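This report refers to the structure that appears directly beneath it.
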Amino acid sequence: MHVIDLTQDYIRYVIQQDRPALYEDSLPQLFEHYYQFWASRSSYFYKDESEIWHRSELVRDRLPFLEKKFSNKGLHLEQVEVVLFIGQGSSNGHAFLLDGKWTVWLPLETYSSLFAVDVFVSHEIAHALHYQRQPDFFSSGTKKRKITFSDK
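In terms of the working numbering, the sequence shown opens at residue 757 and continues consecutively.
Right under this line is the structure:
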């Protein structure tokens with residue numbers, strides 16, 4: 757599993773320089789997807805640097821443990837990328853296709869405990885694994901699927 761951590765970019769460009777466009781330029785495909793389907797564009801309001809670093813470390817430090825749990829079940833994450841970033845508090849993450857790889861995106865503001873990390877990061881990784889095996893199921897996060905159950 758490869759991790760792209762945008763924490764430092766957020767602190768530099770949003771908190772210290774008040775230039776959020778530069779932060780979003782650090783991974784434009786992510787922010788295009790995020791703002792198109794998952795969040796309303798507005799001012800970033802997470803400004804506590806120590807809390808942001810704490811959450812980044814909380815998630816980052818737990819990723820090897822989660823990767824091992826997946827691997828122990830035969831689910832290998834070599835082809836999965838993970839992006840750590842700060843968003844708008846509108847989602848706890850999902851996955852999207854980035855440069856040919858299913859990439860999990862995790863807005864750090866939503867992860868305040870190991871329990872949340874274990875449950876939701878695992879869930880988001882499962883989305884990426886699901887889309888690897890069934891890419892047609894991915895709907896960019898927008899298309900509502902009508903699921904019907906029948907006896908047939």
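Using N, Cα and C, we set each Cβ at its ideal position, and we do this for glycine too.
Just so you know, these numbers come straight off a predicted model, no measurement behind them.
- For Y769, the closest C-alpha among the options W794, S799, H789 is that of S799.
- Take the alpha-carbon of Y791 and the one of D765: they are about 18 Å apart.
- In this structure, DSSP gives K829 a state outside helix and strand, which the three-state scheme calls coil.
- Fully enclosed alpha helix (DSSP H) runs of no fewer than 4 residues occupy 878-889 of the region 851-895, in order along the chain.
- Of the candidates I760, H758, K803, K803 places its Cα closest to the Cα of Q773.
- Closest in alpha carbon position to L862, among F826, P776, L786, is L786.
- Counting every other CB atom within 10 Å of its CB across the protein chains shown gives G845 a total below 16, marking it as exposed.
- Taking every protein chain shown into account, the CB of E780 has 16 or more other CB atoms within 10 angstroms, so this residue is buried.
- Contact check for T859 and N848: beta-carbon distance about 15 Å, past the 8 Å limit, so the pair fails to qualify.
- In this chain, the alpha helix (DSSP H) harbouring E788 covers 784-793.
- About 5 Å separates the beta carbons of V839 and I760, which is inside the 8 Å limit, making them a contact pair.
- In this structure, E805 keeps its C-beta atom at 8 Å or more from the C-beta atom of I842.
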